[in-house]
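Residue numbers (the numbering used here): 1 to 130.
Each residue gets a CB set at the ideal place from its N, CA and C atoms; glycine is no exception.
These numbers come from a predicted model, not from an experiment.
In structure tokens, the structure reads:
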């Protein structure tokens, strides 16, 4: 009788262990599915992050290119402004020399009756040059 009780207890313990093993296997399978899902999500996130990084790199390159172009344009503009200032100085000097010659009677030529707006003439000449 005692051996039968022990046999029943062993069978009950084995059944409980099999039940626990079944639950454990289910949990492991469930966790394996969750791990695969997480790996896929991580892979997808890495791909999206890689695409975003590539897009940002392209934008950075485009911005750097635009900055270089703007710098070049700025240097050209400064050069043109300096050139314009030099031309204006030259124009003023030539105008003063011409006026001085006219006041002196400059080779028998009479002083013009109507004053000439030299800035207007310079603007017209500049417009024609463009």
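Residue 118 beta carbon less than 8 Å from that of residue 95: Position 95 of the chain shown, counted from the first residue, corresponds to residue 95. Position 118 of the chain shown, counted from the first residue, corresponds to residue 118. It is a contact, given that the beta carbons lie within the stated cut-off.
Per-residue DSSP class, three states only, for residue 98: Taking the chain shown and counting its residues from 1, one reaches residue 98 at position 98. If DSSP states are grouped into helix, strand and coil, residue 98 belongs with the helices.
For residue 1, three-class secondary structure by DSSP: Counting from one through the chain shown, the residue named residue 1 turns up at place 1. Assigned with DSSP and collapsed to three states, residue 1 falls in coil, not helix or strand.
Of the listed residues 102, 103 and 92, nearest to residue 121 (C-alpha basis): As a first step, residue 121 must be located in the chain shown, where it is residue number 121. Checked all of 102, 103 and 92; the closest Cα to residue 121 is 92.
Alpha carbon of residue 21 to alpha carbon of residue 30, nearest angstrom: Taking the chain shown and counting its residues from 1, one reaches residue 21 at position 21. Taking the chain shown and counting its residues from 1, one reaches residue 30 at position 30. So the alpha carbons of these two residues sit roughly 14 Å apart.
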